[in-house]
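Colleague:
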Amino acid sequence: MATIDGRPAQYGISLKQLRELMEHRGREGVMKIAEFGGIHEICKKLYTSPNEGLSGSTADEEHRRETFGSNVIPPKPPKTFLTLVWEALQDVTLIILEVAALVSLGLSFYKPADEDAPVLQEEEEHHGWIEGLAILISVIVVVIVTAFNDYSKERQFRGLQNRIEGEHKFSVIRGGEVCQISVGDILVGDIAQVKYGDLLPADGCLIQSNDLKVDESSLTGESDHVKKGADVDPMVLSGTHVMEGSGKMVVTAVGVNSQAGIIFTLLGAAVDEQEAEIKKMKKGEGDGRAQTKGTQAQNQRQTVSSEGTKSESEGNHVPQSSSTSAAAETGHKKEKSVLQAKLTKLAIQIGYAGSTIAVLTVIILIIQFCIKTFVIDEKPWKNTYANNLVKHLIIGVTVLVVAVPEGLPLAVTLSLAYSVKKMMKDNNLVRHLDACETMGNATAICSDKTGTLTTNRMTVVQSYICEKLCKVLPTLSDIPQHVGNLITMGISVNSAYTSNIMSGHNPGDLPIQVGNKTECALLGFVQGLGVKYQSIRDEITEDKFTRVYTFNSVRKSMGTVIPRPNGGYRLYTKGASEIIMKKCAFIYGHEGNLEKFTRDMQERLIREVIEPMACDGLRTISVAYRDFVPGKAAINEVHIDGEPNWDDEENIMTNLTCLCVVGIEDPVRPEVPDAIRKCQRAGITVRMVTGDNINTARSIASKCGILRPNDDFLILEGKEFNRRIRDSNGDIQQHLIDKVWPKLRVLARSSPTDKYTLVKGIIDSTVSENREVVAVTGDGTNDGPALKKADVGFAMGIAGTDVAKEASDIILTDDNFSSIVKAVMWGRNVYDSIAKFLQFQLTVNVVAVIVAFIGACAVQDSPLKAVQMLWVNLIMDTLASLALATEFPTPDLLLRKPYGRTKPLISRTMMKNILGQALYQLVIIFGLLFVGDLILDIESGRGQELNAGPTQHFTIIFNTFVMMTLFNEINARKIHGQRNVIEGLLTNPIFYTIWIFTMISQVLIIQYGKMAFSTKALSLDQWLWCIFFGIGTLVWGQLITSVPTRKLPKILSWGRGHPEEYTDAMNLGEERFDSIDSDKKPRAGQILWIRGLTRLQTQVIGGELQERLIPVPYSKSNTDQAIRVVNAFRQGLDARYGDHTNTSLAEVLRKQTSLSKRLSETSSIEYADNIPDELTIPEIDVERLSSHSHTETAV
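Read in order, the letters of the sequence shown correspond to residues 0 to 1194 in numbering that gives the first Met the number 0.
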């Protein structure tokens, strides 16, 4: 028989049996496991040991992978370069250009029999085709550049996802050692340790658990936490969250065989079907076959868990049936980022203006041509004139191409992508692109204390044992023996066995703390007393525990019950000192004598021991115990006859005997006070929200600089905070919160609900003129709601639980507050980069459009030819967005106040620069156009025949325009009216490389472009004139800077007001998604405009920005994709349909909008009222769905 690693190659249980096993729940599951002979028998059949785990040998691992699969769900293949090229080609303006160019090409070869044609024209005919070809080539270049940008963007985010994936680790036991392995390496047969806050990466059966509760809403939609245990419900499933407790499980299914994986594969197939369906529907709409069947509301029902954690639902899209639903739509989505909203509106407005001018240009050119040819010269119609008309059309389309700033979305994307990449180096892992820019506007930060403001390296520095207060570590001999034994035993047993202290890598290093840091401090205290905690743990293993009361934010304590050697039970407990003290009736006094712990003694202890410790910034923890004995009970013991009712926690946790109080120090991080000063200078208020005692919190807040002497501030405890913000009925009132939050700096002893209430209160407040933009840090599972509610949620990369990371926007990989300050700097930099690009782009747009338009009216020809405009468009849009979007942030960014949500996108200073520079450029260009030929003594280019060759006159105009634009790019680097525009130029290699490259290309185009670019080589002095006019922009820029901005009227700024005003523009873009499902035709006119004008919708409007760039859930590890999928799947089931009775599974899933965007963060419960009555919801047998093979359909 074949063996592997000394064991048979055939497992005692097959993949199919394991898959069937995992489909049972609750009691059924217990019975099913019993059929296999119990959990230990299953472990034997999988050749694994509950205590030792897998052997960890390579051969064994490989064989398991082959037999049971690996824990990876294959990702969707990335779009190929050709797909992206094809997408870029869909741009309507480019299509018009291509068609016009092809027509022009065709016409240049079309020779009608026209006897009167002068012989001279023969020469020109040879070159007629060049322009058409040149336009086609330019279009191809633009398309390839766009596709390449999208491609590199997609690659960057794939890299980002892989990095996030790599960071998701899980604890398993291999070869008897607990080790952290990457989620993708988990195998069937692994023994995994699950604990509070974990996101389970695979399916498994519990071997042993303590008080384990799991949130399975991502699979079932039920928001109640499910109690798990080997004898209650032993099945734990991938993609679910551990909300409480801990345990040990044997992994039984991974990857595509796990419950989440099965649904994921189902969904993959369904999505493909659904895409095909949508294509069909689109075709149907085109043929006018789409009949109105009542608007289908895709209403994904939202489940809100008991803590208020919102389960994540896919983008809730409801077709715009009326303006009210549009309002609801914007109301319940997490607001679009301010910048996106304003840019979209701006781009659409520019698009409108541009198209109007383009159409006018074409009309004027054609009318002038017709009047001149047919009315004044009275010539008959000839077929060759078609060529003239096409030329006019091409000029019009080119004006449109230049007018529409498709560089805008590119600049936004590049700037964000670049920042995200650089922020990784600053320990910020950005999960949602727009969080980066929102952070620049932040006005308030609500931060945790432990680990963020402090080092999270805890040590016991003071202790109070047997009426002795020690400011240094006592030795075991100082403590009466029986008390010493109880303390060391109580701490060693009553702490998670995952908390450990390892020796440092090098001999001189500090020991490494693994697991809960408070517990590590206590274990360090035990080691300091000279006792090995591990030997106590080896003696009392976890399976000997009778009951564990795990720590949670309500209990604020932890208890463990173990059997006593001579019968009965002993309960050890530890927790926040004021909470444990209230439950104590006895205490060991002088010399270890047992004393009654009276109310007076308690108050004296709090006054003389606990408060002074807290005022030193120490966290105080008390350790206590209680004995339950079958025989005669001592004064502090309880007599029992049978086993006590452990569920009656109230009565179990009373009359305890206090052993000791310790003060744990968690020093403030050295860099934090400086970081907080920077925030305050930058106009950001820092508030501390902590579960610690109010005195500890006050002490730490003062050390950090959150509390400044002479400031008017509030420090509240959670209870007092709730008393102040609730009315007599106990309901939270916004006007009451508004009285508290502006002065509140520290919220102590707060629960996660308090944190959520505070964040929501600040965000909803209308006290300040701008809505506050709030950032929140969190690490616990229960911080999820607050992280989601905040504008930007920061999760801790080291101490944070998976659930917190899942709810966050940015992960701090070093848990450090000063990294948040870097995020603010990068966020402001993004805003500034885009403003710089705007200032530059708009100057080019204004000039190019006016020149083309007035040129067409006055000279019957645009001074800038189509190919030349395309080149200008390329350097302006693509290259300049690259150059300006990659500026590094400078510390000066933190010296100004946040912009706020109502700050205009184009400030008066910027508008002054735009209009000033445009004026200069227009004067120069029109000067050259009308009198340049005389001044420079060259042949005039005005009034040339249609097919005449290029002239030096128009070449100089084109060259001067490009030179002025290039030098203006340097001006655009500063937007706050700084004089020194050269400053920091050499720190940005991308900028000067692109600038030099553009310059060289321009020289080549002018000297060797000939017919293709309609240019004629220039002499040296003509070149010097062009460069002279170019450098003039720098000098002129200094003059403009001297004009005081304050004197300018406010009307000159653009984009003022609340972002809410811009949401119409946003919805306009989104109708594109909804129109697929809603049968009523959207406002066709507007949408056509927008679709045609620009690629904007694909890059800026709506979540497609996120969809295409960064749907990065925390670990995007396969489990995680699975979670999104599972959510998707669930929502698919809950979605409401029209009259489809025999709804197959694929149908069900298809209902889910194909363009589902980033998991939407907000509840859509308010939608329940908007659903038309006639919608029927087919019955779906969910049980059958989950338990049968995934090909079956649900009816």
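Cβ atoms here follow ideal geometry from the backbone N, Cα and C, with glycine treated the same way.
Measure the beta-carbon distance from G183 to S69 and round it to whole angstroms, keeping in mind my assumption that it falls under 8 Å.
Modeller: 7 Å
Colleague: Confirm, please, whether the CB-CB distance from A416 to V791 is below 9 Å.
Modeller: Result no, Cβ atoms of V791 and A416 do not sit closer than 9 Å.
Colleague: Could you give the uninterrupted runs of the beta strand (DSSP E) lying entirely in the segment 227-278, keeping only those of 3 residues or more?
Modeller: 240-252
Colleague: Looking at the secondary structure, which residues open and close the alpha helix (DSSP H) in which Y830 lies?
Modeller: F816 to V858
Colleague: Measure the alpha-carbon distance for G777 versus C703 and round it to whole angstroms.
Modeller: 18 Å
Colleague: Along the chain, where does the alpha helix (DSSP H) that runs through N721 open and close?
Modeller: That run of the alpha helix (DSSP H) goes G717 to I724.
Colleague: For L786, which option in A798, V773 and I797 has the closest C-alpha, if you only look at C-alpha atoms?
Modeller: V773
Colleague: Leaving aside the five residues before and after V961 along the sequence, list all residues of the same chain whose C-beta is less than 7 Å from its C-beta, in chain order.
Modeller: V871 and Q1001
Colleague: Assess, as a yes-or-no matter, whether the segment 198-208 is touched by the segment 242-257 under the definition of 3 or more beta carbon pairs within less than 8 Å.
Modeller: yes
Colleague: My understanding is that L965 touches I913, with C-beta atoms under 8 Å, so please give their C-beta distance in whole angstroms.
Modeller: Their Cβ separation, rounded to whole angstroms, is 17 Å, which puts L965 and I913 out of contact at 8 Å.
Colleague: Within a Cβ cutoff of 6 Å, which residues of the same chain sit near G574, ignoring the five residues on either side of it in sequence?
Modeller: K555 and S556
Colleague: If you check the beta carbons only, do C659 and V482 fall under 9 Å apart?
Modeller: yes
Colleague: Three-state secondary structure (DSSP) at L914?
Modeller: helix
Colleague: For L757, which residues from the same chain have a beta carbon less than 7 Å from its beta carbon, with the 5 sequence-adjacent residues on both sides left out?
Modeller: Same-chain partners within the cutoff: C445, V688, W740 and L746.
Colleague: Roughly how far, in whole angstroms, is the beta-carbon of E879 from the beta-carbon of V401, given that I think they are within contact range, below 8 Å?
Modeller: Here residue 879 turns out to be Ala, not Glu, going by the sequence shown. At roughly 13 Å, the Cβ-Cβ gap does not stay under 8 Å, so A879 and V401 are not in contact.
Colleague: Comparing alpha-carbon positions, which option in D730, N728 and V685 lies nearest L713?
Modeller: V685
Colleague: List the DSSP bridge partners of F627.
Modeller: Y568 and V637
Colleague: Which of helix, strand or coil does DSSP assign to D1020?
Modeller: Residue state, collapsed to three classes: helix.
Colleague: Can you tell me the Cα-Cα spacing of S43 and C519, whole angstroms?
Modeller: In the sequence under discussion, the amino acid at residue 43 is Lys, which differs from the Ser named in the question. If you take the alpha carbons of K43 and C519, they lie about 34 Å apart.
Colleague: For G783, report the span of its alpha helix (DSSP H) as first-last.
Modeller: Note, G783: alpha helix (DSSP H), G783 to K788.
Colleague: Could you tell me whether the segment 375-382 touches the segment 797-810, where touching means 3 or more Cβ pairs closer than 8 Å?
Modeller: no
Colleague: List the whole-angstrom C-beta distance separating V560 from T545, where the pair is believed to meet the contact cut-off of C-beta under 8 Å.
Modeller: About 4 Å; that satisfies the 8 Å criterion.
Colleague: Would you mind working out which of T959, L218 and D860 sits nearest K390, comparing C-alpha positions?
Modeller: D860
Colleague: Measure the alpha-carbon distance for L475 versus N499 and round it to whole angstroms.
Modeller: 21 Å
Colleague: Within 10 angstroms of the Cβ of L883, are there 16 or more other Cβ atoms? Answer buried if so, exposed if not.
Modeller: So L883 ends up on the buried side.
Colleague: Excluding the five sequence neighbours on either side, which residues of its own chain have a C-beta within less than 8 Å of the C-beta of I995, listed in chain order?
Modeller: There are no such residues.
Colleague: Which of the three DSSP states, helix, strand or coil, is assigned to M795?
Modeller: Looking at M795 - three-state DSSP - the assignment turns out to be strand.
Colleague: Can we say the segment 361-375 touches the segment 461-468, given the rule of at least three CB pairs closer than 8 Å?
Modeller: Here the segment 361-375 makes no contact with the segment 461-468; the two share fewer than three CB pairs at distances below 8 Å.
Colleague: I believe Y571 touches G558 by the beta-carbon criterion, under 8 Å. Please report the beta-carbon distance rounded to the nearest angstrom.
Modeller: 7 Å
Colleague: From V231 to I262, what does the alpha carbon distance come to, in whole angstroms?
Modeller: 25 Å
Colleague: Which two residues bound the contiguous alpha helix (DSSP H) that contains I675?
Modeller: For I675, the enclosing alpha helix (DSSP H) has its first and last residue at V671 to R680.
Colleague: Can you find the residues in the same chain that come closer than 7 Å, C-beta to C-beta, to Q512, ignoring five residues on each side of it along the sequence?
Modeller: R456, I500 and C519
Colleague: Let me know if K467 comes out buried or exposed under the rule of 16 or more other beta-carbons within 10 Å of its beta-carbon.
Modeller: exposed
Colleague: Would you tell me roughly how many angstroms separate the C-alpha atoms of M488 and W645, rounded to the nearest one?
Modeller: 21 Å
Colleague: Who are the Cβ neighbours of N551 in its own chain at under 7 Å, not counting the five residues just before and after it?
Modeller: E243
Colleague: For the structure I just gave you, are there three or more beta carbon pairs, one from the segment 662-679 and one from the segment 581-597, closer than 8 Å?
Modeller: no
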